[in-house]
Structures are given as structure tokens and as C-alpha cells.
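By the numbering used here, the letter at position 61 of the sequence shown is numbered 458, and the numbering carries on one by one without gaps.
Heads up, the beta-carbon is just placed ideally off N, CA and C, and yes, glycines get one too.
No experiment lies behind these values; they were computed from the predicted model shown.
See below for the structure under consideration.
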Amino acid sequence: MEKLRILLSFGAPMLGLLSTCIIIFKKYIKNNKLRKALVKSEEILNHLIPCVTEAENYIHFSGEEKKEYVMTKINQYAIDNNITFDERVISDKIEELINMSKKVNAHEIEANDISKTNMQNKTEDIVNAIQNIIDGLKA
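Here it is in C-alpha cells:
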């Protein structure tokens, strides 16, 4: 009876310690897999911007052809680096980059329009000043 009591007094805490270690180990493995997946996703996203920039240089192709080019380049990068390729996610990210680019370009066009208007106003002022000088010389 005494041996059973000693065995239980040591066995119960050891069982608790063992189950805690198993849980911690399982969480570590799960977090490690998640971390690796996130790192690989980040690699793909970091490679995406240069591919989109490169595709924009092809001015004789349509938007769909450029997008298909980028999708192919990213897919090849994923294959070369053993990364799972999720076509829907990459397509969404490309669309997001395109929309952001359109917003930036719209602001640049707006700034150019404002500066053109200012230049036209200054040009008109100069033409009026020259006209006044010419009129003053005629008189």
C-alpha cells in the first residue's frame, strides 16, 4: 500500500508535467508551420511588386495580358521556391496594386492639370502685359 501511495505521489505530477510538455510541443509545431507559411507568403508578396512594375513597361499589351504575365511569373517563383500558389489571393493582391496605382496616377494627373492651369494663367498675364506695353508705345 505504501509503494502505491509513493508511486501515485510521484506519478500524478509527472503525468501533469508530461501532458503540459506535449501541449507546448504541439503548439510549437503549429506556430512554426504558421510562421513558415507567413514567411513564404511574404516572399511572394515582395516578389509581386517588381513583377507588376515590369509588366507595366509592356505598353503594347492589354491589362489582362499584363495580369496573366504577372500571375505566370509569380507561379513560376512559387514553384522554384516550394511555395504554395493561391491564384485567388495573388489575383486579389494584383488588383489591389492596380487600384492603388490608379489612385496615385489620378493625383499626379490632377497636380499636372493644376500646374498647367497656373501656367496658362501666367502666360495670359504675360501676354496682357506685353499687349499693354505695345499699346503704350503706340499712343
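Assuming residue i is part of the alpha helix (DSSP H), what are its boundary residues?
i: residue 411; result: 399-453
i: residue 480; result: Segment: none, residue 480 is in no alpha helix (DSSP H) and carries neither H nor E.
Less than 8 Å between C-beta atoms, sequence neighbours within five positions excluded: which residues of the same chain meet that for residue i?
i: residue 476; result: 482
i: residue 442; result: 490
i: residue 412; result: none
i: residue 403; result: none
Hey, residue i and residue j are a contact pair by Cβ (cut 8 Å); roughly how many whole angstroms apart?
i: residue 463; j: residue 453; result: 7 Å
i: residue 448; j: residue 436; result: About 19 Å; that fails the 8 Å criterion.
i: residue 478; j: residue 451; result: Their Cβ separation, rounded to whole angstroms, is 18 Å, which puts residue 478 and residue 451 out of contact at 8 Å.
i: residue 456; j: residue 494; result: That pair is no contact at about 18 Å.
i: residue 444; j: residue 425; result: At roughly 29 Å, the Cβ-Cβ gap does not stay under 8 Å, so residue 444 and residue 425 are not in contact.
Would you say residue i lies against chain C (beta-carbon separation less than 8 Å)?
i: residue 482; result: Note that chain C does not occur in the displayed structure, where there is just one protein chain.
For a test of the three-state rule: what should DSSP assign to residue i, helix, strand or coil?
i: residue 495; result: helix
i: residue 381; result: Not covered by the structure: residue 381. The range shown for the chain is 398 to 536.
Apart from the five residues just before and just after residue i, which ones in its own chain have a Cβ nearer than 6 Å to its Cβ?
i: residue 470; result: 448
i: residue 472; result: 482
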